[in-house]
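There are 2 protein chains.
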Amino acid sequence: MQVALLGGTGDIGEGLALRLARDTDHEIVIGSRDEAKAAEAAESYEQTLADHGVTATIASGENSEVTATANIAILAVPAYYLADTINAVESQLDGTILVSPAVGMKRDDDGLRYNPPGVGSVTQLAANTAPDDVPVVGAFHNLAAGRLSNLDADLDWDVLVVGDDQSAKESVCSLTDAIDGLRPLDVGGLGNAPEVEGLTPLLINLAANNDGMHDLGVKFW
Amino acid sequence: MQVALLGGTGDIGEGLALRLARDTDHEIVIGSRDEAKAAEAAESYEQTLADHGVTATIASGENSEVTATANIAILAVPAYYLADTINAVESQLDGTILVSPAVGMKRDDDGLRYNPPGVGSVTQLAANTAPDDVPVVGAFHNLAAGRLSNLDADLDWDVLVVGDDQSAKESVCSLTDAIDGLRPLDVGGLGNAPEVEGLTPLLINLAANNDGMHDLGVKFW
């Protein structure tokens, strides 16, 4: 399977690319608005993997180019670029599953607040922006980029997956499950995305208020 | 120290009463609007503890009566009774720390939504309702009542604690830490309560969508 990381030059894209390349047999492709930046990132990720004894080829290209051949395209972009990114690749989405990990947050005096768009969640915004026949799945919202991209770090985290297309959701769960230390958990339909996204500012507030806790993830039991 | 569970006849009150009575030396008192119901619950909790080899005396009384002598009063009532309960005991709050575990939720087609009051969170509503000199701490929002009140079950859960009064928050953290299997974590000021409370519908949605998962709690790392 081919997995494209749109905006894959950013920190969440890096972590997912490294872990997917190390732990799975999927073909990993880094996308960016800027083809040269994508190529540079892919090369740097290959080097990081080589430093950890992993030989992997990571392809790259402009976002819409890499979307054309991808089975799963992960929107590894900040929430405020999400709609623009989907619009830019829209014509290339043919049987592609779109994955939305972005979260809207704002800072106040106490810490970070969950700041969803008017449609209820960023994942819902992605679904509303994508063409009707493109399945959108929310996942990877709560991954701390620092630990994710550190291949020496163990994760042992849960990944919360939401979506209305059961088959697409299962594909994303399988992809997640193939990464060492990640356990996918189904949180139901897209309407349940707000509480999933709202966990991200909580993780950051927790790290800010507890010495020795940083790059936090979560495990449910 | 004396710990009063206002509305302690309900399921969260039961779990906290049983665990506090078993695991700590604090004096546990069950409060209710109805003194007889409180007495009945206290007796039943003593019996449950006796069945588990624990001899404990659990006192009881009407909510305002038990508040008068309590060092910590836990508002173990549904969110929609919170303000009324605080108003009813207000004159007895003298150096008492009020603890708010309530969460506002509503159901839609996908599952449970976090449904905060206009002031941002139920914990903030408790703080706004209580007299200015009464410290309000948010805690115990995310405890699954079923597992909490089952003394045969191990917890190994984190308890998220929010509040603007550092000393009061530390007292609640100490109380939490004394219960086997609960680890208190500071989530900062009252403004951070929405994301803490929003975790509760997420836990319930997770249980609803994953076979074999129920009475969920959470562990951060």
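Going down the list, the protein sequences come from chains F and R. In terms of my numbering, the first sequence has 139 at position 139, counting the first letter as 1, and numbering is strictly consecutive. In terms of my numbering, the second sequence has 217 at position 217, counting the first letter as 1, and numbering is strictly consecutive. In this text, a Cβ means the ideal position worked out from N, Cα and C, and glycines have one as well. Fair warning: this is a prediction, and the values are worked out from it, not measured in the lab.
Using the rule of at least 16 other Cβ atoms within 10 Å of the residue's Cβ for burial, across every protein chain shown, is residue 221 of chain F buried or exposed? exposed
Chain F residues whose Cβ lies nearer than 9 Å to that of residue 45 of chain R: Those do not exist, as residue 45 of chain R stays about 26 Å from chain F at its closest Cβ, beyond 9 Å.
For the stretch 155-181 of chain F, which residues have a beta carbon sitting closer than 7 Å to at least one beta carbon of chain R? none
Residue 171 of chain F in three-state terms, based on DSSP: helix
Amino acids of chain F, ordered along the chain, whose beta-carbon sits closer than 8 Å to that of residue 194 of chain R: 113, 114, 198
Please look up how many angstroms separate the CB atoms of residue 131 of chain F and residue 90 of chain F, rounded, as I've assumed it's under 8 Å. 6 Å
Which residue wins for smallest C-alpha separation from residue 191 of chain F, given the options F:172, F:133, F:165, F:107? F:165
Pick out whichever of F:78, F:23, F:52 has its Cα sitting closest to the Cα of residue 10 of chain F. F:78
Name the residue from F:150, F:172, F:167 whose alpha carbon lies nearest to the alpha carbon of residue 159 of chain F. F:172
Does DSSP classify residue 107 of chain R as helix, strand or coil? strand
Tell me the DSSP secondary structure of residue 179 of chain F in three-state form. coil
Kindly indicate which three-state DSSP category residue 113 of chain R falls into: helix, strand or coil? strand
Residue 124 of chain F - containing beta strand (DSSP E), residue span: Where residue 124 of chain F is concerned, there is no enclosing beta strand (DSSP E), although the alpha helix (DSSP H) it sits in stretches over 122-129.
Does DSSP put residue 18 of chain R in a helix, a strand or coil? helix
Cα-Cα separation between residue 121 of chain F and residue 186 of chain F, rounded to whole angstroms: 17 Å
Check distances from the C-beta atoms of the stretch 197-221 of chain R to those of chain F and list, in chain order, the residues that come in under 8 Å. 198, 199, 201, 202, 203, 205, 206, 208, 209, 210, 213, 216, 217, 218, 219, 220, 221
Beta-carbon within less than 6 Å of residue 69 of chain F's beta-carbon, same chain only, minus the 5 sequence neighbours each way: which residues are those? 2
Counting pairs of Cβ atoms below 8 Å between the stretch 50-69 of chain R and the stretch 201-217 of chain F, do you hit three or more? no
Residue 189 of chain F: contacting residues in chain R (beta-carbon distance under 7 Å): 110
Every unbroken beta strand (DSSP E) within the stretch 2-79 of chain F, with a cutoff of 3 residues, ordered by chain: 2-6, 27-32, 59-62, 72-75
Within the same chain, show all residues whose beta-carbon is closer than 7 Å to that of residue 126 of chain R, passing over the 5 residues directly before and after it, in chain order. 75, 82, 86, 98, 100, 136
Residue 49 of chain R: contacting residues in chain F (beta-carbon distance under 7 Å): Here the premise fails: no neighbours, minimum Cβ distance about 25 Å.
Helix, strand or coil for residue 119 of chain F? Go by DSSP, reduced to three states. coil
Using a Cβ-Cβ cut-off of 6 Å (strictly less than) and excluding sequence neighbours within five positions of residue 14 of chain R, which residues of its own chain qualify? 149
Length of the line joining the Cα atoms of residue 109 of chain R and residue 124 of chain F: 15 Å
Secondary structure at residue 159 of chain F, three-state DSSP: helix, strand or coil? strand
Quick one: residues in its chain with C-beta nearer than 7 Å to the C-beta of residue 119 of chain F, no 5 flanking neighbours on either side, listed in chain order? 125, 128
Check residue 187 of chain R in the structure and name its three-state DSSP category. coil
Three-way DSSP call (helix, strand, coil) for residue 218 of chain R in this model: strand
Could you tell me the alpha carbon to alpha carbon distance between residue 113 of chain F and residue 145 of chain F, rounded to whole angstroms? 19 Å
Considering only their Cβ atoms, is the gap separating residue 60 of chain R from residue 29 of chain R smaller than 8 Å? yes
Quick check on residue 185 of chain R - is its C-beta less than 8 Å from some C-beta in chain F? yes
Close beta carbons around residue 213 of chain F, own chain, < 7 Å, minus the five adjacent residues each side: 206, 207
Cβ shell of residue 116 of chain F (< 6 Å), same chain only, five flanking positions each side left out: 104, 194
If we count the other Cβ atoms within 10 Å of its Cβ and call it buried at 16 or more, is residue 19 of chain R buried or exposed? buried
Whole-angstrom Cβ separation of residue 217 of chain R and residue 143 of chain R, contact assumed at under 8 Å? 7 Å
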